[in-house]
Ligand SMILES: CC(C)[C@H](C(=O)O)[C@@H](O)C(=O)O
Ligand code: SF4
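Structural data, given as structure tokens:
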């Protein structure tokens, strides 16, 4: 029988079929972070239960840690230190591998898991964090769970999961210069709505996906959850296999050979059917940015804010009115007329070395506009080190960017460091809802290239004008 990639991985992991579409699935890897992982570990231990196999569990300090150079356990986030200390203690007690605050392999969970070869094709990986879907880029079934599900997985190596429907999103044609995976995913969400993927697991495929490097595929899959999908994944190809080769946690020697043999079977059979298919022509995608407070509020960076959408009754959609009011934009306003207060390059969406390279290419020899607070937070300590070896830090600092230690940082506002009241931020992150990056901040989601160009211009700007 012809199967999709998802069905192959699913079938491999069914321990028992339960009622209806629900199955008990075997979980290969569990990743935790100090914000939600510590809660799961604490509660597990309070119940007198144990982590059943700590070799399959990893934890990092990314969400709460400060990103200032010279950081320690103290954080700007009130009581952040408590989470850090509790996580450290819980990991030591359960014998879990922890990438601690100043560990050379520390970083944002969805950046370090691929970077260290922890996520692998065909495996099931869960983390109490919504952007776990990023890791599907390597052909894994990876999805975000809640803290109580994390407890269940830690104690049993299994989870009850209701089978999602399958969607194929095929990208055909070629991307224009500087147009990136971030523009692709924003374009998809803009076209089909932020709920467009609800109830589905999405396989991204097609010639334009084949052409993407692994880091770009991670960016694309990262925002599957912003499309409301259960997860996103991409069949592992020669690029995925080459990417994983020799990574610290990837199999070695004979085990590597056997793994590769298996990974090569992980693709959707040509006769396999999907519940839904979407095809997107990359010729239609340009540098894309959000104007509003949902990832579906997108437009071209050199375009204008759209008209207010009408609802089914032909009346102005209140969510559009509210978003425009919050963002202080109005229909037909040029995006390039919006002055920015801040520019942020970071997050599990766009903080890998390829993201920093494109930013450096644009920023080289230029200056951030006066009055713009510009911050770059590498996605991992290894990315930071690599960037420093390439001189990227110098280019960014010279241009006027702050160069930070790795972490989630101001991708999300948790009561600590933020961009300030009602500040307008152009950001390489994945969420733009109200106050996501600070009190009433106005976030415009875009690619790192667009963020860099806008930082120089002092207003939202098209990266094609800066190459
Ligand atoms: C803190 C964590 C639970 C949260 C998530 O799950 O997404 C965070 O990573 C985010 O991006 O908002
Ligand atoms: S970088 Fe942002 S989106 Fe990613 S895990 Fe951290 S807080 Fe969540």
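In our numbering, the protein residues as written are 5 to 471.
Positions of the beta carbon are idealized from the N, C-alpha and C atoms, including for glycine.
Reduced DSSP secondary structure (H/G/I, E/B, other) of residue i
i, result
"residue 167", "coil"
"residue 204", "strand"
"residue 128", "strand"
"residue 235", "strand"
"residue 412", "coil"
"residue 269", "coil"
"residue 227", "coil"
"residue 215", "helix"
"residue 244", "helix"
"residue 385", "helix"
"residue 198", "coil"
"residue 277", "coil"
"residue 398", "helix"
"residue 471", "coil"
"residue 440", "coil"
"residue 251", "coil"
"residue 186", "helix"
"residue 374", "coil"
"residue 120", "coil"
"residue 140", "helix"
"residue 369", "coil"
"residue 418", "coil"
Identified DSSP bridge partners for residue i
i, result
"residue 355", "In the DSSP output, where bridge partners are listed per residue, residue 355 has none listed."
"residue 431", "348 and 449"
"residue 463", "343"
"residue 407", "380"
"residue 61", "34"
"residue 176", "285"
"residue 148", "131"
"residue 209", "174"
"residue 162", "30"
Integer-rounded CB distance, given that residue j should sit under 8 Å from residue i
i, j, result
"residue 191", "residue 292", "5 Å"
"residue 379", "residue 414", "7 Å"
"residue 372", "residue 345", "No, residue 372 and residue 345 are not in contact; Cβ-Cβ is about 12 Å, not under 8 Å."
"residue 305", "residue 77", "With 8 Å as the limit, residue 305 and residue 77 do not qualify as a contact, their Cβ atoms being about 40 Å apart."
"residue 206", "residue 236", "5 Å"
"residue 408", "residue 105", "Going by Cβ atoms, the distance from residue 408 to residue 105 rounds to 13 Å, so no, they are not a contact pair."
"residue 48", "residue 222", "So it is not a contact: roughly 29 Å between Cβ atoms."
"residue 113", "residue 131", "6 Å"
"residue 312", "residue 470", "Rounded, the Cβ-Cβ distance is 32 Å, inconsistent with contact."
"residue 238", "residue 208", "5 Å"
"residue 355", "residue 381", "6 Å"
"residue 432", "residue 119", "Not a contact, Cβ separation roughly 18 Å."
is_contact[residue i, chain C] using C-beta, thresh 8 Å
i, result
"residue 449", "Going by chain labels, chain C is absent from the structure shown, which holds only one protein chain."
Near ligand 4: residue i beta-carbon under 7 Å from a heavy atom
i, result
"residue 225", "As presented, the structure is devoid of ligand 4, carrying ligand 1 and ligand 2 as its sole ligands."
**Q.** Segments assigned alpha helix (DSSP H), at least 4 residues, entirely inside the segment 280-352
**A.** If only uninterrupted alpha helix (DSSP H) runs of at least 4 residues are considered, those enclosed by the segment 280-352 are 322-331.
Q.
For a minimum of 4 consecutive residues, which ranges assigned as the alpha helix (DSSP H) are wholly contained in the segment 7-56?
A. Every unbroken stretch of the alpha helix (DSSP H) spanning 4 or more residues and falling wholly within the segment 7-56 is given here in chain order: 9-17 and 41-50.
Q | Environment of ligand 1 in chain order, Cβ to heavy atom below 7 Å | A | Result: 39, 40, 67, 132, 133, 134, 135, 148, 412, 415, 416 and 435.
Q: Could you pull out every unbroken alpha helix (DSSP H) segment of at least 4 residues lying fully inside the segment 57-112, listed in chain order?
A: Listed in chain order, they are 84-98.
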